[in-house]
Amino acid sequence: MSGVLGQGLPPGTEIDRVCLCLRLGGRRKAALDFLKPPGLVAATCFQRCRLMSKAKNSWTQSTSVSPIYAGLTVTCPRCGKGSLLQTFLNLRERCSVCGLNYKFVDTGDGPAVFAIFILGFLVLGGALWVEFNFEPPLWVHVVLWGVVTPILALGLLRFLKATLIALQYYHRAEEGRLSDD
Ligand SMILES: [Zn+2]
């Protein structure tokens, strides 16, 4: 198989995933979807065959890292090993282990919106519970929730950001494009 597909590829390139157009008999269209080693990742069929969308599906379903695992560990959505974030909330350019380029990432306001809903429920519920059970003075609430809320928010944002990126990667969610692109 590598003989058919290996044209133009560096020697020793390991073929990890093959576009479905090969399996369906289109030998001349056959191309690689996903290559190793790192740095040689092709997100689309080199020949841009029309069957690529099916190949993409088969590729995403066979990925070994679950989005929840990648989210909880804040790691690369493809290999689950490389770190996803450079600083506390800033994304890296690419995975240091498998070389996945994080250019595709577009979570927008998603993590913040989920964090606001979840935190609002937790903090308001917690404040009511503390008030009804202990009836502390007002400054206790100010100090307690003033400290707890940012800590929860930052932890939650990391997890939510990584999870949404993993889900985006897993489902290959992206802006619509014309099929000839
Ligand atoms: Zn990776």
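Quick note, the sequence shown lines up with residues 0 to 180 if you use numbering that gives the first Met the number 0. All C-beta atoms in this analysis are idealised placements derived from N, C-alpha and C, irrespective of residue type, glycine included. Here the structure is a predicted model, which means the values were calculated and not measured.
Residue i, enclosing alpha helix (DSSP H) - first and last residue
i    : result
T87  : Here residue 87 is Phe; the residue named in the question, Thr, does not match the sequence. F87 -> no alpha helix (DSSP H), and no H or E assigned at all.
R93  : First-last for R93: undefined, no H or E at that position.
V104 : Note, V104: premise wrong, no alpha helix (DSSP H); not H, not E.
T74  : Taken as a continuous stretch (DSSP letters only), T74 belongs to no alpha helix (DSSP H), as it is neither H nor E.
G145 : L137 to H170
Environment of residue i [buried if 16+ CB atoms lie within 10 Å]
i    : result
T74  : buried
G224 : Nothing can be reported for residue 224, as the shown portion of the chain is limited to 0 through 180.
R171 : exposed
L99  : buried
K160 : buried
R26  : Residue placement at R26 is poorly supported in this model, since its pLDDT is 34, which falls under 50; the coordinates still yield a value, given next. Classification for R26: exposed.
L127 : exposed
L88  : exposed
L137 : exposed
P66  : buried
Cβ separation of residue i and residue j, assumed to be a contact under 8 Å, to the nearest whole Å
i    : j    : result
T162 : G79  : Actually they do not touch by this definition, with Cβ atoms about 13 Å apart.
P76  : Y169 : 7 Å
T86  : I164 : T86 to I164, Cβ: 15 Å. No contact.
V112 : T148 : So it is not a contact: roughly 16 Å between Cβ atoms.
A114 : L166 : Incorrect: roughly 15 Å between the Cβ atoms, too far for contact.
Chain-ordered residues, beta carbon under 5 Å from a heavy atom of ligand 1: C75, R77, C78, G81, C94, V96, C97 and L99
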